[in-house]
Amino acid sequence: MTTAEILKKVRRIEIKTKGLSNHIFAGEYHSTFKGRGMSFSEVREYMPGDDVKFIDWNVTARFSHPFVKVFEEERELILMLLVDISNSSLFGTHKQAKRDLMTELGAVLAFSATTNNDKVGVIFFSDKVEKYIPPKKGKGHILRIIRELITLEPSGSGGGTNVGLALEFLNNVMKKRSITFLLSDLVSTPYEQALQLAARKHDLVGIHIYDKHDKELPQAGLIQVMDAETGRTQWIDTDDRGVRMHYGMAFDNKYKYSVQAFRKSGASLLHVRTDEDHVKVLQGYFKGR
Numbered sequence: 206m207t208t209a210e211i212l213k214k215v216r217r218i219e220i221k222t223k224g225l226s227n228h229i230f231a232g233e234y235h236s237t238f239k240g241r242g243m244s245f246s247e248v249r250e251y252m253p254g255d256d257v258k259f260i261d262w263n264v265t266a267r268f269s270h271p272f273v274k275v276f277e278e279e280r281e282l283i284l285m286l287l288v289d290i291s292n293s294s295l296f297g298t299h300k301q302a303k304r305d306l307m308t309e310l311g312a313v314l315a316f317s318a319t320t321n322n323d324k325v326g327v328i329f330f331s332d333k334v335e336k337y338i339p340p341k342k343g344k345g346h347i348l349r350i351i352r353e354l355i356t357l358e359p360s361g362s363g364g365g366t367n368v369g370l371a372l373e374f375l376n377n378v379m380k381k382r383s384i385t386f387l388l389s390d391l392v393s394t395p396y397e398q399a400l401q402l403a404a405r406k407h408d409l410v411g412i413h414i415y416d417k418h419d420k421e422l423p424q425a426g427l428i429q430v431m432d433a434e435t436g437r438t439q440w441i442d443t444d445d446r447g448v449r450m451h452y453g454m455a456f457d458n459k460y461k462y463s464v465q466a467f468r469k470s471g472a473s474l475l476h477v478r479t480d481e482d483h484v485k486v487l488q489g490y491f492k493g494r
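Quick note: the sequence shown uses this note's numbering, first residue 206, plus one each step.
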């Protein structure tokens, strides 16, 4: 992809996802993820209905009529995105690849956070941590994140997925509590222990991204397939009912593991299929909190 093509794609994603974050998610993000408390903002004249416990007696005495203290929420938070860029994220048979959906979701969440003046950081991972972008504010920073979401590829033999390693890195690098969204197809196991530690320290939300044919093998006769994580190829008969059943069971086992692991840790877990409306899934989550 040329520089011009990258910039064009960044701009297209910015327009789409910034619009969603401004008109749909910004307010819901704000109300879902509260700040760390209340801080003094200013004083103003007392109005009927104000709580008398907030009267500023020093200012009241100085001006001979009542004034009250006004407080506002300490809003600044940190949003961390853990983004799976392993080879399996490139798979997609319908509307888009899993990586494309992760890019859109990451951009929407990043713009929602920056609209609320929160810092945003990213940990990209495959079977190792590929890149860490420390939390910062600003449009330029968000556009850099979007560019990396589009272009960053796993280095060396980093084709596999290690969710546990990414969570361990988060636990080590982030000393303050953060809002953390884990965007992955969650094909790796186990990661339960690291997940429990991360969920105790951070407000953690997993978003399981999957394709229809991650679960259902289409009937297409004898075909050669390649495991995106290992690079191993083999011939399989997709018309064989037993083969299709085994394929579906492998997906179901990982699905059940993720549900149980997230439930046990106390973290939230959303499931988004590549041909589904991710906007509705996020809205449902925000409204349900």
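C-beta: ideal position from N, C-alpha, C; glycine also.
Around the C-beta of ARG382, fewer than 16 other C-beta atoms lie within 10 Å, and the residue is accordingly described as exposed. According to DSSP, MET431 shares a beta bridge with THR438. At least 8 Å separates the beta-carbon of VAL368 from that of ILE412. Of all alpha-carbon atoms in ILE350, ASP419, GLY326, the one lying nearest the alpha-carbon of PHE374 is that of GLY326. Across the set LYS417, SER470, GLN465, the C-alpha of LYS417 shows the shortest separation from the C-alpha of LYS303. Residue nearest to GLU358 within the set ALA312, LEU284, PHE330, TYR415 is PHE330 (criterion: CA-CA distance).
In terms of CA proximity to VAL215, GLU309 leads the group GLU309, ALA466, ILE283, ILE260. About 27 Å separates the Cβ atoms of LEU372 and LEU348, ruling out a contact at the 8 Å cut-off. Per DSSP, reduced to three states, the secondary structure at GLY365 is coil, with no helix or strand assignment. For PHE330, the enclosing beta strand (DSSP E) covers residues 324 to 330.
Taking the CA atoms as reference points, LYS492 sits about 18 Å from ASN321. If you compare the alpha carbons of PRO271, LEU314, LYS485, ALA266 with that of GLY254, the shortest gap goes to PRO271. The beta carbon of VAL264 sits closer than 7 Å to those of VAL248, PHE272, all from its chain and outside the five residues before and after it, given in chain order. Less than 8 Å divides the Cβ of ILE384 from the Cβ of LEU282. Counting only residues of its own chain and dropping the five nearest sequence neighbours on each side, ALA318 has a CB closer than 8 Å to the CB of TYR234, LEU282, LEU284, LYS324, VAL325, ILE384. As the crow flies, the alpha-carbon of ARG446 is around 47 Å from that of ALA209. With 16 or more neighbouring CB atoms inside 10 Å of its own CB, PHE467 falls in the buried class. A check of alpha carbon separations from ALA266 across GLU250, VAL275, ASP256 identifies GLU250 as the nearest. Your pair THR366 and SER470 does not check out as a contact, with CB atoms roughly 18 Å apart and the cut at 8 Å. Scanning the segment 275 to 301 for uninterrupted alpha helix (DSSP H) segments of 4 residues or longer gives nothing; none is fully contained.
The DSSP assignment places 368 to 378, 397 to 406 as complete runs of the alpha helix (DSSP H) inside the segment 368 to 412, in order along the chain (cut-off: 4 residues). Sequence-distant Cβ neighbours of ASP444 in its own chain, meaning closer than 7 Å and more than five residues away, are GLN424, GLY426. Beta bridge pairing from DSSP links VAL273 with ARG249, ILE260. A residue is called buried once 16 or more other Cβ atoms fall within 10 Å of its Cβ, and ASP289 is buried on that count. Its Cα nearest to that of HIS407, the residue ALA472 stands out among ILE414, ARG449, VAL486, ALA472. Annotation for LYS485: the continuous alpha helix (DSSP H) segment containing it runs 483 to 493.
Selection ASP442, SER463, ASP419, GLY343 evaluated against GLY453 yields ASP419 as nearest (Cα-Cα). Note on geometry: alpha-carbon atoms of PHE268 and ASP256 lie some 19 Å from one another. Along the length of the segment 455 to 484, whole beta strand (DSSP E) runs at least 3 residues long occupy 473 to 478, reported in chain order.
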